[in-house]
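Inspection log for the structure reproduced underneath, given as structure tokens.
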Amino acid sequence: DHVHALSKGVPARQVMSELFGKTTGCCRGQGGSMHMFSKEHNVLGGFAFIGEGIPVAAGAAFTSKYKREVFKENCDEVTLAFFGDGTCNIGQFYECLNMAALWKLPIVFVVENNLWAIGMSHLRSTSDPQIWKKGPAFGMPGVHVDGMDVLKVREVAIEAVSRAR
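This is the structure:
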């Protein structure tokens with residue numbers, strides 16, 4: 001959540017203050033490392049249980065679509081949902097992929113795959129370790145990218161956000 005907050009424009013001083021529990025943090029020291037939130041910067045924060053952020057992200061994407069289609073607002077917002085590979089083995093991941101495809105939500109699902117689902121090897125916790133193949137089952141493109149190649153990640157992210165719009 002720290003890097004995501006910084007990339008959305010939350011000042012580094014506020015992020016560090018939050019990590020140290022200071023009142024000058026973006027959540028006045030109450031969110032800490034796990035629950036960093038900033039309404040001003042559209043950072044919804046983290047959640048205590050894995051996968052809990054995915055339905056919230058789908059709801060945020062639905063809000064953007066609703067603003068655009070019902071209220072006729074000029075809203076080109078795209079929601080990015082970040083989560084780990086272990087989260088891809090729980091029901092709400094699949095439920096939200098289905099809803100996002102069905103309702104054509106402006107959302108990008110980003111799996112940060114470190115090959116570990118908390119304390120279990122990714123290879124022991126999923127039937128198909130190629131997570132990027134799960135998207136096409138819902139009519140969504142799935143893209144595999146080396147997270148250590150910053151320029152490739154940027155390129156893939158730009159394409160994904162463009163598709164989501």
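Residues 1 to 165 in UniProt numbering are what the sequence shown lists, from first letter to last.
Ideal placement from N, C-alpha and C gives every residue a C-beta, glycine not left out.
Rounded to whole angstroms, what's the CA-CA distance from Glu159 to Ile50? Just pull it up for me.
Translated into the one-based positions of the sequence shown, residue 159 becomes position 159. Translated into the one-based positions of the sequence shown, residue 50 becomes position 50. One C-alpha to the other measures close to 27 Å.
Beta-carbon proximity check, Asp76 vs Arg165, cutoff 7 Å:
Your numbering for residue 76 matches position 76 in the sequence shown. Your numbering for residue 165 matches position 165 in the sequence shown. In this structure, Arg165 lies closer than 7 Å to Asp76 by Cβ.
For the structure I just gave you, are there three or more beta carbon pairs, one from the segment 92-110 and one from the segment 136-151, closer than 8 Å?
yes
Quick one: grab the DSSP three-state call for Met99.
The residue given as residue 99 occupies position 99 in the sequence shown. In the structure shown, Met99 sits in a helix (DSSP, three-state: H, G or I).
Evaluate Glu155 with the Cβ neighbour count: other Cβ atoms within 10 Å of its Cβ, from every protein chain shown; 16 or more gives buried, anything less gives exposed.
Translated into the one-based positions of the sequence shown, residue 155 becomes position 155. With fewer than 16 other Cβ atoms within 10 Å, it is exposed.
Quick check: the Cα distance between Ile131 and Thr87, rounded to an integer number of angstroms?
Counting from one through the sequence shown, the residue named residue 131 turns up at place 131. Counting from one through the sequence shown, the residue named residue 87 turns up at place 87. Each residue's Cα considered, the two are about 11 Å apart.
My assumption, with CB atoms under 8 Å, is that Phe93 sits in contact with Ile118. Please give the rounded CB distance.
Position 93 of the sequence shown, counted from the first residue, corresponds to residue 93. Position 118 of the sequence shown, counted from the first residue, corresponds to residue 118. Contact doesn't hold; Cβ gap of about 15 Å is too wide.
For a test of the three-state rule: what should DSSP assign to Ile107, helix, strand or coil?
Indexing the sequence shown from 1 puts residue 107 at position 107. Three-state result, Ile107: strand.
On the criterion of 16 or more Cβ atoms from any shown chain inside 10 Å, does Thr79 qualify as buried, or is it exposed?
As a working note, residue 79 is residue 79 in the sequence shown. Counting Cβ neighbours within 10 Å, Thr79 comes out buried, since at least 16 surround it.
Is it right to say Leu97 is buried, meaning 16 or more other beta carbons lie within 10 angstroms of its own, or is it exposed?
Numbered from its first residue, the sequence shown carries residue 97 at position 97. Counting Cβ neighbours within 10 Å, Leu97 comes out buried, since at least 16 surround it.
Which residues does DSSP pair with Trp116 in a beta bridge?
Sequence index remark: in the sequence shown, residue 116 carries index 116 (1-based). According to DSSP, Trp116 bridges with Ser121.
Reduced DSSP secondary structure (H/G/I, E/B, other) of Ala81
Residue numbering aside, residue 81 sits at position 81 when the sequence shown is read from its first letter. Residue state, collapsed to three classes: strand.
What did DSSP end up calling Val10 once you bin it into helix, strand or coil?
The count along the sequence shown starts at 1 and reaches residue 10 at position 10. Coil at Val10, not helix or strand.
Bounding residues of the alpha helix (DSSP H) (the contiguous stretch that carries Ser33):
To locate residue 33, count along the sequence shown from 1; it is residue 33. Premise fails: Ser33 is in no alpha helix (DSSP H) and is neither H nor E.
Check the C-beta distance from Thr24 over to Ser17 and give it rounded, since I have them as a contact under 8 Å.
For this step, residue 24 is matched to residue 24 along the sequence shown. For this step, residue 17 is matched to residue 17 along the sequence shown. 4 Å between Cβ atoms; contact.
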